[in-house]
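Undergrad: Below are the structure tokens for one structure; questions will follow.
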Amino acid sequence: MSHLMNTYARLPVAFTHGEGVWLYDEAGKRYLDALSGIAVNTLGHNHPALVKAIAGQAARVLHTSNLYAIPLQEQLADRIAEASGMDEVFFCNSGCEANEAAIKLARMHGHQKGIELPHIIVMENAFHGRTLATLSATGNRKTQAGFEPLVQGFIRVPYRDIEAIRKIGEHNHGIAAVMLEMIQGEGGVNVADEAFQRDLRALCDEKGWLMICDEVQCGMGRTGKWFGWQHAGVMPDVMTLAKGLASGVPIGACVTAGKAKGLFGPGNHGSTFGGNPLACAAGLATFDAIVDDKLIENAVTVGEAIRKGLAEALDGVAGVVDIRGRGLMIGIELDRPCGVLMERAAEQGLLLSITSERVVRLLPALTFTPADAQTLVSMLAPMIRDFLARG
Ligand code: PMP
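The sequence shown runs 53 to 443 under our numbering.
Structure follows, in structure tokens:
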């Protein structure tokens with residue numbers, strides 16, 4: 053009997069090493085990694101510059117405490133500020149922890165405005181994490197079931213419904229913030245259009261609400277811009293990052309600008325391991341490689357090649373509802389639940405995931421080449437065809 057707690061429906065495969073966009077299991081079988089740990093391995097596996105940065109830092113100091121100055125944190129904060137145009141960064145270790153900080157900031161902002169019990173507007177099908185507050189912000193009843201009572205203070209609207217948000221603002225004066233993903237990841241790769249993003253920014257300005265963008269899955273260049281909100285030319289007051297920020301080393305960040313700047317002061321918030329030197333060194337190497345190797349530009353062209361290739365290969369196939377996404381965040385929606393495809397793809401040496409039951413999700417490393425895109429399409433399209441034809 054295993055002593056490991058059974059919290060994941062895992063596939064029975066263990067990887068021993070990786071090289072670029074390929075992973076290898078114990079038997080030496082290779083897998084094309086089109087998931088990169090759900091947008092974790094920004095630079096793919098065993099990236100030389102990343103390995104060097106981590107090993108170099110490990111030989112100096114892993115971590116002491118946030119009670120002392122950590123120059124690497126300052127440097128990484130500068131890189132995030134430069135890429136985003138935002139002001140201040142708080143470092144933690146994960147996406148949910150970054151979102152917890154964002155939720156606390158929203159409440160502080162509400163109290164500053166004189167709201168006794170500040171509320172945050174959140175979206176249907178959103179995913180913000182599994183700690184109690186982020187689980188409560190998450191828009192999936194199945195994920196929440198069994199954990200009641202949930203944390204109070206969230207009001208839910210359909211995704212991309214600016215009129216619903218406006219209406220709440222008209223009669224509810226206790227709103228402090230709106231929190232959303234610009235592209236919903238777990239919710240099925242749903243893209244917020246640019247008009248909606250701009251309307252939301254304008255409404256938040258008008259009402260004095262914080263606009264909080266969860267970029268944990270769609271950030272760090274994946275969609276063809278550093279951050280998802282940059283497609284619409286808006287800037288949030290709060291942004292959260294994690295997953296791909298240090299290309300596989302655990303780190304999270306809560307980034308502020310505008311009205312959210314300066315809300316936290318000494319003693320308000322903290323995290324023992326948040327922004328430790330090892331993770332920051334990996335984060336800096338990730339930023340360097342994204343810039344040096346032009347990986348954002350690559351995400352645009354290779355993402356387009358994958359979508360176009362799939363659209364051609366699946367043209368006229370009954371049961372394919374939509375092929376969507378931005379850059380290297382791609383969803384193929386089918387007309388029926390397709391969970392079995394994850395296992396079947398792995399058997400055939402391809403790693404992907406199924407989200408929202410009917411959406412095949414691809415989140416390859418930003419280092420994916422046009423040739424990798426072709427390999428992916430030639431493996432995946434027949435699998436989808438076969439599944440739709442025979443189940
Ligand atoms: N926000 C989003 C958009 C996510 O996709 C996830 C993880 N799937 C999280 C937050 C939670 O991140 P973590 O698992 O690092 O807590």
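Note that the Cβ used here is the ideal one computed from N, Cα and C, for glycine as well.
Counting only runs of 4+ residues fully inside the segment 344-368, write out the alpha helix (DSSP H) ranges in chain order.
TA: Runs of the alpha helix (DSSP H) inside the segment 344-368: 347-365.
Undergrad: In three-state DSSP terms, what is G221?
TA: helix
Undergrad: Whose beta carbon lies closer than 6 Å to any heavy atom of the ligand PMP, going through the chain in order?
TA: I90, S146, G147, C148, N151, F179, H180, G181, E233, G237, E238, D266, V268, Q269, A294
Undergrad: Can the beta-carbon of L232 be found closer than 7 Å to that of M175?
TA: yes
Undergrad: With burial defined as no fewer than 16 other Cβ atoms inside 10 Å of the residue's Cβ, what is the status of F339: buried or exposed?
TA: buried
Undergrad: Just confirm the distance between the C-beta atoms of V352 and G276, as a whole number of angstroms; I'd bet it's less than 8 Å.
TA: 4 Å
Undergrad: For I348, which option in N242, G280, M138 has the closest C-alpha, if you only look at C-alpha atoms?
TA: The option with the nearest alpha carbon to I348 is G280.
Undergrad: Could you pull out every residue in the same chain whose Cβ sits closer than 8 Å to the Cβ of A397, ignoring the five residues on either side in sequence?
TA: L403, L404, M431, L432, M435
Undergrad: For E134, which option in R442, K360, V343 has the closest C-alpha, if you only look at C-alpha atoms?
TA: Of the candidates R442, K360, V343, the one whose C-alpha sits nearest the C-alpha of E134 is V343.
Undergrad: Under three-state DSSP, which class holds H161?
TA: DSSP, reduced to helix, strand and coil, places H161 within a helical segment of the structure shown.
Undergrad: Count the other CB atoms, across all protein chains shown, that sit within 10 Å of the CB of Q236; report buried if there are 16 or more and exposed otherwise.
TA: buried
Undergrad: If you run the structure through DSSP and keep just helix, strand and coil, what is M444?
TA: The question about residue 444 has no answer, for the chain in this structure spans 53 to 443.
Undergrad: What do you get for Y83, buried or exposed, if any count of 16 or more other CB atoms within 10 angstroms of its CB means buried?
TA: Buried, because 16 or more other Cβ atoms sit within 10 Å of the Cβ of Y83.
Undergrad: Taking 7 Å as the cut-off, decide whether the C-beta atoms of P329 and L102 are in contact.
TA: Against a cut-off of 7 Å, the Cβ pair of L102 and P329 comes out as no contact.
Undergrad: I need the straight-line Cα distance from T452 to H97, nearest angstrom please.
TA: Outside the displayed range of the chain (53 to 443) lies residue 452, so it cannot be described from this structure.
Undergrad: Consult DSSP for G70 and reduce its assignment to one of helix, strand or coil.
TA: strand
Undergrad: Mind checking F143: buried by the 16 CB within 10 Å criterion, or exposed?
TA: buried
Undergrad: Secondary structure at R193, three-state DSSP: helix, strand or coil?
TA: helix
Undergrad: Does the beta-carbon of P64 have 16 or more other beta-carbons within 10 angstroms, so that it is buried, or is it exposed?
TA: exposed
Undergrad: In this structure, what does DSSP give as the bridge partners for C144?
TA: According to DSSP, which records beta bridges pairwise, C144 is partnered with G304.
Undergrad: Quick one: measure Cβ to Cβ for G181 and C148, integer angstroms, because I've assumed they're closer than 8 Å.
TA: 3 Å
Undergrad: Does any heavy atom of the ligand SAM sit closer than 6 Å to the C-beta of E238?
TA: Summarising the ligand content, the structure contains the ligand PMP and does not contain the ligand SAM.
Undergrad: Distance check for V369 and S408, CA to CA, integer angstroms please.
TA: 21 Å
Undergrad: Is it the case that the segment 303-318 contacts the segment 148-157, given that we only count it when at least three CB pairs across the two stretches are under 8 Å?
TA: yes
Undergrad: In whole angstroms, what separates the C-alpha of A110 from that of E126?
TA: 19 Å
Undergrad: Whole angstroms is fine: what's the gap from T195's alpha carbon to L184's?
TA: 11 Å
Undergrad: Starting from the C-beta of G377, find all residues in its chain whose C-beta is less than 6 Å away, skip the five residues before and the five after it, and write them out in chain order.
TA: Excluding sequence neighbours, G377 sits near V241, G383.
Undergrad: Roughly how many angstroms separate the alpha carbons of L119 and A365, rounded to a whole number?
TA: 56 Å
Undergrad: Let's test the definition: count the other Cβ atoms within 10 Å of the Cβ of A417 and tell me whether it reaches 16, buried, or not, exposed.
TA: buried
Undergrad: Under 7 Å between the Cβ atoms of M43 and A247?
TA: Absent from the structure is residue 43, since the part of the chain shown begins at 53 and ends at 443.
Undergrad: Express the C-alpha separation of D289 and F206 in angstroms, rounding to a whole number.
TA: Whole-angstrom Cα-Cα distance: 18 Å.
Undergrad: Report back the beta-carbon spacing between E140 and T292 to the nearest angstrom; my notes put them in contact at under 8 Å.
TA: Not quite, the Cβ-Cβ distance comes to about 13 Å (not below 8 Å), so this is no contact.
Undergrad: Would the beta-carbon of D85 fall within 7 Å of that of L75?
TA: yes
Undergrad: Measure the C-alpha to C-alpha separation of G108 and K81 and round it to an integer number of angstroms.
TA: 31 Å
Undergrad: Using only the alpha-carbon positions, how far apart do E356 and A312 sit?
TA: Looking at the two C-alpha atoms, the distance is approximately 35 Å.
Undergrad: From D77 to L255, what distance separates their C-alpha atoms?
TA: 50 Å
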